[in-house]
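Enquirer:
There are 2 protein chains.
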Amino acid sequence: MSPSTFDKIIDAAMTIVRDQGVARLTLDEAARIAGISKGGVLYHFKSKDDLIRGMVQRLIDQCDQLSRDYYERMPDGPYRWARTMVHAGFDPSGVAFDPVGGALLAAISVNPDLMAPIQAMYDSWSERLKSDSPDMERAGLICTAMDGLYFQRLMGIKLCDSEASERLKQHALDLLR
Amino acid sequence: MSPSTFDKIIDAAMTIVRDQGVARLTLDEAARIAGISKGGVLYHFKSKDDLIRGMVQRLIDQCDQLSRDYYERMPDGPYRWARTMVHAGFDPSGVAFDPVGGALLAAISVNPDLMAPIQAMYDSWSERLKSDSPDMERAGLICTAMDGLYFQRLMGIKLCDSEASERLKQHALDLLR
DNA sequence: TTTGCTATACCGTCCAGCCGGTACAGTAAT
DNA sequence: ATTACTGTACCGGCTGGACGGTATAGCAAA
């Protein structure tokens, strides 16, 4: 089934942020990319903030989906959730490598209230980690490093190149056994 | 000696970003806070991007200063630079806790070119780490976790509370010996 | 004909950058 | 010492464009 207009608008907004940066995210442009009029956009989203809310939700859903997929394929044992996070964090096709997330968060930094759902997501992750990590500090440190990796990608920064990145992943996994 | 007008403008811009968010950073407001006119601002900074460039440079200088200070006080031995980063990253009075950095970076995400100096800073950090880390993966992982912490603070997210944060710091240092 | 959805036109506001000025300090030739 | 000129620092009004949001009309399916 073809995506609903609602989804098409979010897709368009994502594309704009990814390709042109947050500052270029306007209702007019989103409408243009989505192939509808501004009125159409404002029918589905009461305001620009509302549109950003929708984008955040989309991001959360993607994260959730990815981590669940990896979790299922992960062998059981201690640190199962932490190991899941490491693998998900290094998946080049996952959200972790999608620049849209960062630009989105940048947009949110303008209106911090819109971060609430993200905080909720972190809370649930925290619960998951607690449930199967023999050493919560260890798990927290590794997962925080995954956030650091994400941050570096967002900012277009690299502390290490791609093959060093692979060694980093292995090192992180070694610490989780 | 009292700060030059140049510095006063950057101070004003920093204050705005810290207190009101990136979106509120305008030339008029910066001029108002700095106590001069918009024309004055545009005399010292050719454009708004130029002003942001100045802010980035200020941020880099602060980081550099802080890390040098900590390095000198750090006992010699393996991972000296990595240990420095951990201590600096957890210093509540350091740049790592100054929301201005994050908001600034958010502003930069609008114009990724302005990130170039930051990349240069990371390159030099990378060199420093290499110089005294027996295991570069270990050092890189820990420092990346510091970035993750910074990211979480920027986004108003907490994966762990403050006392857990102290344990995290200790755990990171334990891994560097 | 009502409801769901989209299009068009328009308004008010905000803001970056421009530009014509002012004030003043140095400097140097008369 | 006066005059004429130059460069630096700063002022503040203006404008053109962008953008969020509103109002209203069209239109097709149920």
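Just so you know, the sequences run in chain order A and B.
So the number in my numbering is just where the residue sits in the first sequence, counting from 1, plus 17.
So the number in my numbering is just where the residue sits in the second sequence, counting from 1, plus 17.
Just so it is clear, CB atoms sit at the ideal spot from N, CA and C, and this is done for glycine as well.
1) Quick check: what's the CA-CA separation for residue 22 (chain B) versus residue 115 (chain B)?
2) Note down, in chain order, every chain B residue with its Cβ under 8 Å from the Cβ of residue 174 (chain A).
3) What do you get for residue 67 (chain A), buried or exposed, if any count of 16 or more other CB atoms within 10 angstroms of its CB means buried?
4) According to the Cβ coordinates, are residue 158 (chain A) and residue 164 (chain B) closer than 9 Å?
5) Would you mind telling me which residues of chain A sit closer than 8 Å to residue 126 (chain B), beta carbon to beta carbon, in chain order?
6) Any beta carbon of chain B sitting closer than 9 Å to that of residue 192 (chain A)?
7) Please determine, among A:97, A:39 and A:109, the residue with the shortest C-alpha to C-alpha distance to residue 142 (chain A).
8) Are residue 184 (chain A) and residue 95 (chain A) closer than 9 Å when you measure CB to CB?
9) Can you have a look at residue 139 (chain B) and say buried or exposed, based on whether 16 or more other CB atoms are within 10 angstroms of its CB?
10) Between residue 150 (chain A) and chain B, is any beta-carbon pair separated by less than 9 Å?
11) For residue 107 (chain A), I'd like the list of residues in its chain whose CB is within less than 6 Å of its CB, leaving aside the five on either flank, ordered along the chain.
12) Restricting to Cα atoms, I'd like to know which of A:131, A:31, A:190 and A:152 is closest to residue 79 (chain A).
13) Taking all protein chains shown into account, decide if residue 169 (chain B) is buried (16 or more other Cβ within 10 angstroms of its Cβ) or exposed.
14) Strictly under 9 Å for the Cβ-Cβ distance: is residue 160 (chain A) near chain B by that measure?
15) What do you get for residue 101 (chain A), buried or exposed, if any count of 16 or more other CB atoms within 10 angstroms of its CB means buried?
16) Just the chain A side, please: which residues come within less than 7 Å of residue 164 (chain B) by C-beta, in chain order?
17) Along the alpha helix (DSSP H) that carries residue 87 (chain B), what are the first and last residues, could you check?
18) Do residue 105 (chain A) and residue 111 (chain A) come within 9 Å of each other at the CB atom, strictly closer than that value?
19) Cα separation between residue 91 (chain B) and residue 150 (chain B)?
20) For the segment 83 to 106 of chain B, which residues have a CB atom closer than 8 Å to at least one CB atom of chain A, in sequence order?
21) How many Å lie between residue 123 (chain A) and residue 133 (chain B) at the Cα?
22) Give me the chain B residues within the contact set of residue 177 (chain A), using Cβ-Cβ distance strictly less than 9 Å, ordered along the chain.
23) Tell me which same chain residues have a C-beta within less than 8 Å of the C-beta of residue 59 (chain A), skipping the five on either side of it?
24) DSSP on residue 175 (chain B), reduced to helix/strand/coil?
25) Report the rounded CA-to-CA distance for residue 144 (chain A) versus residue 57 (chain B), giving the unit in angstroms.
26) If you follow the alpha helix (DSSP H) that residue 41 (chain A) is part of, which residue opens it and which one closes it?
27) What does the Cβ neighbour count give for residue 84 (chain B), buried or exposed, with the cut at 16 atoms within 10 Å?
28) Examine chain B for any beta-carbon lying closer than 9 Å to the beta-carbon of residue 129 (chain A), and answer yes or no.
29) If you draw a straight line from the C-alpha of residue 50 (chain B) to the C-alpha of residue 29 (chain B), how long is it?
30) Could you pull out every residue in the same chain whose Cβ sits closer than 7 Å to the Cβ of residue 87 (chain B), ignoring the five residues on either side in sequence?
31) With C-beta atoms as the reference, is residue 176 (chain B) less than 9 Å away from residue 126 (chain A)?
Expert: The relevant details are as follows:
1) 23 Å
2) 132, 135, 136 and 139
3) exposed
4) no
5) Those are 38, 39, 119, 120, 123, 171 and 172, listed as they occur along chain A.
6) Any Cβ of chain B closer than 9 Å to the Cβ of residue 192 (chain A) would place that residue at the interface, and such an atom is present.
7) The shortest C-alpha to C-alpha distance from residue 142 (chain A) to any of A:97, A:39 and A:109 is the one to A:97.
8) In this structure, residue 95 (chain A) does not lie closer than 9 Å to residue 184 (chain A) by Cβ.
9) buried
10) no
11) Once the five neighbours on either side are set aside, the close Cβ partners of residue 107 (chain A) are 186.
12) A:31
13) Here residue 169 (chain B) is buried, its C-beta having at least 16 other C-beta atoms within 10 Å.
14) yes
15) buried
16) 165, 168 and 169
17) 65 to 90
18) yes
19) 14 Å
20) none
21) If you take the alpha carbons of residue 123 (chain A) and residue 133 (chain B), they lie about 18 Å apart.
22) Within chain B, the residues 143, 153, 154, 157 and 161 have their CB atoms less than 9 Å from the CB of residue 177 (chain A), given in chain order.
23) Excluding positions up to five away in sequence, the list reads 44.
24) coil
25) 53 Å
26) Element bounds for residue 41 (chain A): n/a, residue is neither H nor E.
27) Residue 84 (chain B) sits buried, since 16 or more C-beta atoms from the chains shown fall within 10 Å of its C-beta.
28) It does: the Cβ of residue 129 (chain A) has a partner Cβ on chain B nearer than 9 Å.
29) Approximately 5 Å, taken between the alpha carbons.
30) 101, 104 and 105
31) No. Outside cutoff.
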